[in-house]
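Peer 1:
Chains as they are written, first to last, in the numbering used here: chain A, 752 to 1256; chain B, 752 to 1256.
Structure (structure tokens):
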């Protein structure tokens, strides 16, 4: 595709016009078809269908959205318009506001503005470099692929009108008294060519097989609306197709009494390198913990003033002491600045979304600390091992997770991940102790024994995690947790070091 | 209770101190008891427990919250700190941010700051009148009663220290380098007496049977933390009690084939007064609809610029044409300004909250229009009639709904409610037509016939709604909907009139 602005779009200036009679005939066919496909989509819980509405100012995007609202069953349509950012949005990574607006499965999301607008506008005004712009487009491609991989169908509509038509239309709006021109209608229309050039580049770079662009000649309102509705219908039909479930590879059944079979450690070189013999005496523990907590407290206050957030992930073997370590972290931090997100079974609102959605919704505003007690790594650990995720699903999750964490890091959020490591012998000792202590019995269940029987598989999966999902900005710390005191001190000290270093850096 | 500040709190200056040994003994007893009660609370899905943490600056509130986080299982605790308002919060009614932070059943919410702080601070600085302050306290009492009625247990803690102790403590913080004083620590501490007086008034006015205050002498940190934990434990125990389910009055069963029994209209004088013979010809319809839509469009843009929101509620008999009317409203409004919230079965996140929570979450930011397709009136209509709500529940719902709508109106949101009224004969005609039209068959189901058989009960319930839940600021419009054209025009014209009047008033 040529990328030089007006020429790129010239092909969209078809001059097609629709008579009133043709429009009425098209409408009569489209409306029942849309409603029927929408009903099937809902019944199937498929998709979602994500309609991206973009294009030249004055091309009638808002009229198209209104038309779709009119023709579709409003009960299954989530329209989101992205204009002014709220401060809650501004203080989070750029894509947070889009994740927030994504429609659940079985429904349609109409994104008015969408993730394209800010990238294009900033570039057109030279507020972002070519490199930044390209990076933003790559992020968009990754987001769209991730959604498509999860079953979403993307229909991206670009409404085009010529410069002359734009001027005519905006003049008419200005005269009509129905409304004032929006600030960007006034602003963007004076730079038609520049926008055309940047838009052409954006379209070219994001026109992918899983999320293709459709250019619509918006010169004639009737043609524009029928063309858009037809593309939405095609998207609906695609989303309402039952998809072949990805082949699941069921793990070998755990034999009865498997809890007593010896777990196989030693399959992860990274874990094998952890010196589990480290121990701390009570006196050293008290002193070092108090020091580290005081440093962490001061560092978090400083980070708050600097608007830098921290996202700390806690994973570990069952009974490795995640809860105790998290409590020592929280106890160091002012309660106003810290939030713990326990990750258990997803709610049904979460289940109806991409698996990363439930984590995106908890990303902190600038200056705060969020602790995830278990996390998105469940996808490539328990879900992989128990066969809850199909091989294709967990295999692509490494890149999805990396992309997610990269976005946090790019927003200057400190991402730090802890794996609490114990030996199988120490775990067994703790299991037995729990079983013998009345008020601890609820902390031990069949699943713990099952997981233990799969120790070797977990080590293999963990090795993949440590090698594939770690960067200098999003590191893993493997915590020697055979001794609880040593583990807690290591966690609090590591976190304090990390935040201090980032603030002085 | 005396309300004159320092004397009021003098009773809390007990001088109680706890030795290290007593503290350790108390901790050893409290921690397992807290964890056990928390586990029972979760298993039962009771409560939630709402802990309000308030008091004098420098009394160590944040240390208490940290201590609770340490002693409780973090996986069931939702801590929310209310300090700076985000713009998303500022643009909604005052209580929106608290609803947003309420914990679900089975868990604990620790509200740090809570709904008391802004009322007290504004009053202490003479930024609100005595009347405004009293109104805010009444709103708080209503909120707390509504939560308590729904099963929540409220534990309200006020941490007190003397003026001298406050000065000492803040000086120590300032010297410690751990953190800077927060702006309000610096600001509020210079007006100790004024704050004491206003706080005493607030406590006196909100110390209710369903949400009592507990004054805690915070002079000694050990005593402070043990006292708080004991009160939290008592609250947990209360919340973890299985509650007697409210007596449900099951409605008489609908006899088989009830759809064919004649519905009993005429039980609602308000509905009987609607002139259902009104009709519009197609030509008049087109003209009046276009006029009204254009007026509505302009009015909504103007309201947007003025930051005034509209909440429009649509209720009506099955097949009365709600969907069609809503589409005509949406088609008039720029899609960027309008959102339709279809109200169907609640999600599990919604089910774990007070029934109004799911509506609070959709209250628009300043300047936008939100349309509820069915609404909170389900509580006093279908839930009352089908016995889903116990008599005590739906009977108190009128006041809860009025209080909710009053808060919207007080925030200058335009609240308008529509009931689309058709005769039983017209409904029957539409049911039969739907059953006979292939692409409309999904719109008719057994429930519609069931509801029809209960027509008389609905009319009685509706009459209660129209007489008990309507004010000049939150009116009902009963729409004559036997003729769809007349209904649509009436709806769009009414809404346009309402918004125009509000903007010029």
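Cβ atoms here follow ideal geometry from the backbone N, Cα and C, with glycine treated the same way.
Given the structure is predicted, the values throughout are model-derived calculations rather than measurements.
#1: Looking at the structure shown, is residue 949 of chain A part of a helix, part of a strand, or coil, going by DSSP?
#2: Where in the region 1072-1160 of chain A do unbroken runs of the beta strand (DSSP E), each at least 3 residues long, occur, reported from the N-terminal end onward?
#3: Use the C-beta contact count for residue 881 of chain B: other C-beta atoms within 10 angstroms, 16 or more gives buried, fewer gives exposed.
#4: Is it buried or exposed for residue 1158 of chain A, if we count other Cβ within 10 angstroms and need 16 for buried?
#5: Among the residues of its own chain, which have a CB less than 6 Å from the CB of residue 1050 of chain B, if the five just before and after it don't count?
#6: DSSP three-state call for residue 1035 of chain A: helix, strand or coil?
#7: Given a cut-off of 8 Å, decide if residue 917 of chain B and residue 809 of chain B are closer than it, judged by their beta-carbon atoms.
#8: Examine chain B for any beta-carbon lying closer than 8 Å to the beta-carbon of residue 830 of chain A, and answer yes or no.
#9: Less than 8 Å between the beta carbons of residue 860 of chain A and residue 911 of chain A, yes or no?
#10: Do you know how far the Cα of residue 871 of chain B is from the Cα of residue 903 of chain A?
#11: Hey, which unbroken runs of the alpha helix (DSSP H) at 4 residues or more fall wholly within the region 825-852 of chain A?
#12: Sorted by chain position, which residues of the same chain lie with C-beta nearer than 7 Å to residue 1239 of chain A's C-beta, five sequence neighbours on each side aside?
#13: What number of angstroms, rounded off, separates the C-alpha of residue 987 of chain A from the C-alpha of residue 1188 of chain B?
#14: Step through the CB atoms of chain D and report whether any lies within less than 8 Å of the CB of residue 1093 of chain A.
#15: Going straight from the alpha carbon of residue 1154 of chain A to that of residue 811 of chain A, what length do you get?
#16: Tell me, please, whether the CB atom of residue 1251 of chain B is closer than 8 Å to any CB atom in chain A?
#17: Any beta carbon from chain A within less than 8 Å of residue 863 of chain B's own beta carbon?
#18: Excluding the 5 residues flanking residue 753 of chain A on each side, which residues of the same chain have their C-beta closer than 7 Å to its C-beta?
#19: In three-state terms, what does DSSP make of residue 991 of chain A?
#20: Hey, would you say residue 1203 of chain B sits closer than 8 Å to residue 1184 of chain B, going by beta carbons?
#21: With residue 1194 of chain A as the anchor, note down where its beta strand (DSSP E) starts and where it stops.
#22: Are the C-beta of residue 1033 of chain A and some C-beta of chain B separated by less than 8 Å?
#23: Using 8 Å as the Cβ pair cut-off and three pairs as the minimum, do the region 1110-1129 of chain B and the region 1050-1060 of chain B touch?
#24: Quick one: complete beta strand (DSSP E) runs, 3+ long, within the region 1211-1251 of chain B?
#25: Would you kindly work out how many angstroms separate the C-alpha atoms of residue 1241 of chain A and residue 1164 of chain B, rounded to a whole number?
#26: Report the residues of the region 1067-1082 of chain A with a CB closer than 9 Å to any CB of chain B, ordered along the chain.
#27: Return the chain-ordered list of same chain residues with a C-beta closer than 8 Å to the C-beta of residue 1081 of chain A, the five sequence neighbours on each side being excluded.
#28: Should the region 1210-1220 of chain A be regarded as contacting the region 1019-1039 of chain A, the criterion being three or more beta carbon pairs within less than 8 Å?
#29: Where does the unbroken beta strand (DSSP E) through residue 767 of chain B begin, and where does it stop?
#30: Which residues, in order along the region 1170-1204 of chain A, keep a beta-carbon less than 7 Å from a beta-carbon of chain B?
#31: Apart from the five residues just before and just after residue 1124 of chain A, which ones in its own chain have a Cβ nearer than 8 Å to its Cβ?
#32: Which residues in chain B sit within 7 Å of residue 786 of chain A, going by Cβ to Cβ distance?
#33: Candidates A/956, A/1228 and A/1037: which alpha carbon is nearest residue 1063 of chain A's?
#34: 8 Å is my cut-off, CB to CB: does residue 1142 of chain B come that close to chain A?
#35: For residue 1230 of chain B and chain A, any beta-carbon pair shorter than 8 Å?
Peer 2: The structure says:
#1: To locate residue 949 of chain A, count along the first chain from 1; it is residue 198. In the three-state reduction of the DSSP assignment, residue 949 of chain A falls in the helix class, which pools H, G and I.
#2: Taking 3 residues as the shortest admissible run, the region 1072-1160 of chain A contains the following complete beta strand (DSSP E) segments, listed from N- to C-terminal end: 1089-1093 and 1120-1124.
#3: To locate residue 881 of chain B, count along the second chain from 1; it is residue 130. Classification of residue 881 of chain B: exposed, given that the 10 Å Cβ count is below 16.
#4: Here residue 1158 of chain A corresponds to residue number 407 of the first chain, with the count starting at 1. Per the 10 Å Cβ criterion, buried.
#5: In the second chain, residue 1050 of chain B corresponds to position 299, counting from 1. Answer for residue 1050 of chain B: 1247, 1250 and 1251, listed in chain order.
#6: Residue 1035 of chain A sits at position 284 when you count from the first residue of the first chain. Three-state result, residue 1035 of chain A: helix.
#7: Counting from one through the second chain, the residue named residue 809 of chain B turns up at place 58. Counting from one through the second chain, the residue named residue 917 of chain B turns up at place 166. Less than 8 Å divides the Cβ of residue 809 of chain B from the Cβ of residue 917 of chain B.
#8: Counting from 1 along the first chain, the entry for residue 830 of chain A is found at position 79. True, the Cβ-Cβ gap to chain B drops below 8 Å.
#9: By 1-based counting over the first chain, the position of residue 860 of chain A is 109. By 1-based counting over the first chain, the position of residue 911 of chain A is 160. In this structure, residue 911 of chain A does not lie closer than 8 Å to residue 860 of chain A by Cβ.
#10: One-based indexing of the first chain puts residue 903 of chain A at position 152. One-based indexing of the second chain puts residue 871 of chain B at position 120. The straight-line gap separating the alpha-carbon atoms of residue 903 of chain A and residue 871 of chain B is approximately 49 Å.
#11: DSSP runs (the alpha helix (DSSP H)) wholly in the region 825-852 of chain A: 838-841 and 847-852.
#12: Taking the first residue of the first chain as 1, we reach residue 1239 of chain A at position 488. Only 1040, 1075, 1076 and 1079 meet the Cβ criterion.
#13: Here residue 987 of chain A is taken as the residue at index 236 of the first chain, counted from 1. Here residue 1188 of chain B is taken as the residue at index 437 of the second chain, counted from 1. C-alpha separation (whole angstroms): 22 Å.
#14: As a matter of chain content, chain D is missing from the structure shown, whose protein chains are A and B.
#15: One-based indexing of the first chain puts residue 1154 of chain A at position 403. One-based indexing of the first chain puts residue 811 of chain A at position 60. Rounded to the nearest whole angstrom, the CA to CA distance from residue 1154 of chain A to residue 811 of chain A is 34 Å.
#16: On the second chain, residue 1251 of chain B is found 500 positions in, with the first residue counted as 1. No - not a single Cβ of chain A is within 8 Å of the one on residue 1251 of chain B.
#17: Translated into the one-based positions of the second chain, residue 863 of chain B becomes position 112. Under the Cβ distance rule, residue 863 of chain B counts among the residues neighbouring chain A, one pair being separated by less than 8 Å.
#18: As a working mapping, residue 753 of chain A is identified with position 2 in the first chain. For residue 753 of chain A, the predicted structure reports a pLDDT of 44, less than 50, and the residue's modelled location is therefore unreliable. A value from the coordinates is still provided. The answer, listed in chain order, is 759.
#19: By 1-based counting over the first chain, the position of residue 991 of chain A is 240. Residue state for residue 991 of chain A is assigned as coil, using DSSP reduced to three classes.
#20: By one-based count along the second chain, residue 1203 of chain B stands at place 452. By one-based count along the second chain, residue 1184 of chain B stands at place 433. No; because the gap between Cβ atoms is not below 8 Å, this pair is not in contact.
#21: Numbered from 1 along the first chain, position 443 holds the residue referred to as residue 1194 of chain A. Taken as a continuous stretch (DSSP letters only), residue 1194 of chain A belongs to no beta strand (DSSP E), as it is neither H nor E.
#22: Here the question's residue 1033 of chain A lines up with position 282 in the first chain. Cβ-Cβ to chain B under 8 Å: no for residue 1033 of chain A.
#23: Enough Cβ pairs lie closer than 8 Å, so yes.
#24: DSSP runs (the beta strand (DSSP E)) wholly in the region 1211-1251 of chain B: 1227-1231.
#25: As a first step, residue 1241 of chain A must be located in the first chain, where it is residue number 490. As a first step, residue 1164 of chain B must be located in the second chain, where it is residue number 413. CA-to-CA, the gap between residue 1241 of chain A and residue 1164 of chain B works out to about 53 Å.
#26: Taking 9 Å as the upper bound on Cβ-Cβ separation, chain B lies near residues 1074, 1077, 1078, 1079, 1081 and 1082 of the region 1067-1082 of chain A.
#27: By 1-based counting over the first chain, the position of residue 1081 of chain A is 330. Excluding residues within five positions, the ones whose Cβ falls inside 8 Å are 1089, 1091 and 1122.
#28: The region 1210-1220 of chain A and the region 1019-1039 of chain A touch, with no fewer than 3 CB-CB distances between them shorter than 8 Å.
#29: Within the second chain, the letter at position 16 stands for residue 767 of chain B. Neither: residue 767 of chain B is in no beta strand (DSSP E) and is coded neither H nor E.
#30: The residues in question are 1190 and 1193.
#31: Within the first chain, numbered from 1, the residue matching residue 1124 of chain A stands at position 373. So the qualifying residues of the chain are 1065, 1073, 1074, 1077, 1091, 1092, 1093 and 1094.
#32: Indexing the first chain from 1 puts residue 786 of chain A at position 35. Near residue 786 of chain A (Cβ distances below 7 Å), the residues of chain B are 1190.
#33: Here residue 1063 of chain A corresponds to residue number 312 of the first chain, with the count starting at 1. For residue 1063 of chain A, the nearest C-alpha among the options comes from A/1228.
#34: The residue you call residue 1142 of chain B lines up with position 391 of the second chain. Interface criterion not met: the Cβ of residue 1142 of chain B is under 8 Å from no Cβ in chain A.
#35: As a first step, residue 1230 of chain B must be located in the second chain, where it is residue number 479. Not one chain A Cβ lies under 8 Å of residue 1230 of chain B.
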